[in-house]
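Residue numbers (the numbering used here), protein chains in the order written: chain A, 285 to 662; chain B, 94 to 426. By construction, the Cβ of each residue, glycine as well, lies at the ideal position given by its N, Cα and C atoms. Okay, structure first, notes after.
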């Protein structure tokens, strides 16, 4: 058995460490690339959302490198992601790729169905771990969670350093090297060390501490915001333009808030839901409530602008998009919506981002001037 | 003067109007329906709504615009879930918020959440809340709801017996004159589509009438017995968590087993997230297990009627030829 898994930003780092710890044989699919998307577009339904297409591409490319088993998580709707693994199974079956699917799904339904679901889940975990070594499994699970949250910290640090660096490109270089070096590690302790070292290196970068960068919040659908290959590296690009970005939706957030706390019915951090309430009164699936709520929180926090990113036909984000103009109006914060699909052209996309940043800069300047004229008028 | 409540003629109107109408009227409310979907409503809806939304949601916005200046309340309940463990669609769950944040100067919206995903009892909470807008008398509310449910059940069983919701609700001559003409051999065609696409004759460019005029006996998802559907969908690897997804899938599975169908039409609106998956899963199943002709008709605000006609006619011609010629061959053997 050789397992593989879909890409989602830095998700491969904790998953790789976990599989190393469990001693499983695995293939990390090639980083998201054009031909993965082309493969996915060819085989997935035309109107399916982009992440499905990319993951199909991931699996096909991993299959060609020898993978025969897929790990996927599921959900219970209403967002389409919950049905992904069924769709993927059917599509791969139809085009003749014989791959097994280990679905780590939240059990639901009536009592019997829940029991059957737990059975299936346990079976999947057992398959992965190669036996019932509870100690090993628990340790791997804890380490995966820790690594995912450390790597998110590392990413956040890079968001802060990148716009302030004196020598453009330092941060990108270190992060690039990090991505390469991950493949040389074996097991969670080595990955943790690598993350720590990389963090130190980032802190050593020479920065301009007087520089006051524009601050932009990134909201939207989880896959397209987290996955740099899909969002055409928007976070790096904004950083290179001297903009500090903040992205509240993260992989560790998803694991901790959604899977662990949600699964065990523990109280969750619901500040975003509170903030979204006047605009979107209920959970409607996906990250719509996060998108609206976090936009309000950003506005209250004095951010300069908000960028919403989502894949074409994403149902929850369409609702959020139609609500964001109200947030824009009520809080006076500019919002740019970027929609990504397989036809997205890099040049057009970048032009819009650059224009948006220019607008934010001019806005800040004119605000500053307004301030002085008021003063001199007095 | 009685309070006027506006019900937009879109989305779940085609499924629950008898219930809503009876319930509200029993509480002494005047119901105002928006006009039948027309070019103006469609255009206004498209203009006001975000581009990425699907056609039925845009049309719904048009209906709200059509109503908003002549009513005291707008009835747009938040339909999160209408069946256990299942949702409808994020866009429909967020509909009142979409409308509120898109259209200005609206009357008060009755946006009570209807969510029976976890428990059917929640429906009472919703009923009481909606009722409290117009009456303080809980017994009256309960009575009104019971009566409304009776009417809705009558409607549902009429639909199951083969009458289309549009035939009943629009009680127009238009729909009924489209019944199959005598002397023509009937084709049995299953047409799968959300009620709001299938029964709004403007959105789907009179598809129902066109099919009937071509001698087609229409079979829809709503005509199926839900207990049969549930028996079929149990065998799915993973239960569908969309109400329509389960119904459509179960119907397709049932029909495939029965084998007395001549063709399947899947009517979907561009950008529908649920259809993008359900349609593909059904198509895969149909192609794997049978040779029944299958066609997907996608509609959006740019759909041209001529293109639609061509595709429908070609599909029906193809089925007719196939019936005629292929049965000739097998008879000779």
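Selection from the options that minimises the alpha carbon distance to residue i
i	options	result
residue 621 of chain A	A:596, A:615, A:642	A:596
residue 398 of chain A	B:331, B:281, B:101	B:331
residue 452 of chain A	A:615, A:491, A:592, A:463	A:491
residue 219 of chain B	B:129, B:197, B:259, B:174	B:174
residue 333 of chain B	B:375, B:385, B:203	B:375
residue 579 of chain A	A:540, A:514, A:616, A:519	A:616
residue 367 of chain B	A:598, A:297, A:538, A:495	A:598
residue 562 of chain A	B:176, B:126, B:194	B:194
residue 305 of chain B	B:317, B:260, B:327, B:315	B:260
residue 102 of chain B	B:262, B:394, B:320	B:262
residue 589 of chain A	A:634, A:426, A:640	A:640
residue 419 of chain A	A:526, A:447, A:625, A:306	A:306
residue 447 of chain A	A:300, A:526, A:375	A:526
residue 479 of chain A	A:440, A:450, A:529	A:440
residue 391 of chain B	B:227, B:123, B:298	B:298
residue 359 of chain A	A:388, A:488, A:402, A:438	A:388
residue 109 of chain B	B:172, B:317, B:150, B:201	B:172
residue 377 of chain B	A:290, A:371, A:309, A:312	A:371
residue 359 of chain B	B:394, B:107, B:314	B:314
residue 376 of chain A	A:409, A:349, A:339	A:339
residue 348 of chain A	A:364, A:380, A:362	A:380
Supposed close pair residue i, residue j - CB separation, criterion 8 Å
i	j	result
residue 576 of chain A	residue 607 of chain A	5 Å
residue 482 of chain A	residue 510 of chain A	Going by Cβ atoms, the distance from residue 482 of chain A to residue 510 of chain A rounds to 18 Å, so no, they are not a contact pair.
residue 603 of chain A	residue 568 of chain A	6 Å
residue 362 of chain B	residue 332 of chain A	Actually they do not touch by this definition, with Cβ atoms about 15 Å apart.
residue 343 of chain B	residue 323 of chain B	7 Å
residue 508 of chain A	residue 594 of chain A	6 Å
residue 431 of chain A	residue 412 of chain A	Going by Cβ atoms, the distance from residue 431 of chain A to residue 412 of chain A rounds to 17 Å, so no, they are not a contact pair.
residue 592 of chain A	residue 503 of chain A	5 Å
residue 414 of chain A	residue 190 of chain B	48 Å between Cβ atoms; not a contact.
residue 255 of chain B	residue 280 of chain B	No, residue 255 of chain B and residue 280 of chain B are not in contact; Cβ-Cβ is about 15 Å, not under 8 Å.
residue 329 of chain B	residue 241 of chain B	Going by Cβ atoms, the distance from residue 329 of chain B to residue 241 of chain B rounds to 33 Å, so no, they are not a contact pair.
residue 347 of chain B	residue 321 of chain B	6 Å
residue 320 of chain A	residue 329 of chain A	Not a contact, Cβ separation roughly 17 Å.
residue 520 of chain A	residue 456 of chain A	6 Å
residue 317 of chain A	residue 435 of chain A	Contact doesn't hold; Cβ gap of about 21 Å is too wide.
Buried versus exposed, by CB contacts within 10 Å (16 or more), residue i
i	result
residue 467 of chain A	exposed
residue 398 of chain B	exposed
residue 335 of chain B	buried
residue 265 of chain B	Because the pLDDT of residue 265 of chain B is 45, which lies under 50, any placement of that residue in the model is unreliable, and the number read from its coordinates should be weighed accordingly. Burial call: exposed.
residue 548 of chain A	exposed
residue 443 of chain A	buried
residue 366 of chain A	buried
residue 137 of chain B	buried
residue 571 of chain A	buried
residue 351 of chain B	exposed
residue 428 of chain A	buried
residue 380 of chain B	exposed
residue 585 of chain A	exposed
residue 94 of chain B	exposed
residue 271 of chain B	Its pLDDT being 42, under 50, residue 271 of chain B is placed unreliably in this model, and the value from its coordinates should be taken loosely. Classification of residue 271 of chain B: buried, given that the 10 Å Cβ count is 16 or more.
residue 613 of chain A	exposed
residue 473 of chain A	exposed
residue 258 of chain A	No answer is possible for residue 258 of chain A: the residues shown for chain A start at 285 and end at 662.
residue 551 of chain A	exposed
residue 587 of chain A	buried
residue 601 of chain A	buried
residue 373 of chain B	buried
DSSP beta-bridge partners of residue i
i	result
residue 359 of chain B	B:285, B:389
residue 201 of chain B	B:166
residue 176 of chain B	B:179
residue 171 of chain B	B:206
residue 530 of chain A	A:501
residue 123 of chain B	B:97
residue 310 of chain B	B:281
residue 310 of chain A	A:287
residue 335 of chain B	B:180
residue 357 of chain A	A:388
Counting only runs that start and end within the region 541-579 of chain A, where is the alpha helix (DSSP H) found for 4 or more residues in a row? DSSP runs (the alpha helix (DSSP H)) wholly in the region 541-579 of chain A: 555-560.
Secondary structure, beta strand (DSSP E): runs of 3+ residues fully inside the region 425-504 of chain A: Listed in chain order, the beta strand (DSSP E) runs fully inside the region 425-504 of chain A are 498-504, counting runs of at least 3 residues.
For the region 572-632 of chain A, which segments carrying the alpha helix (DSSP H) assignment without a break, of at least 4 residues, lie completely within its bounds, in sequence order? With a minimum length of 4 residues, the continuous alpha helix (DSSP H) runs that stay inside the region 572-632 of chain A are 572-584, 599-615.
Entirely enclosed beta strand (DSSP E) segments - the region 381-418 of chain A, minimum 3 residues: Correct list: 384-388.
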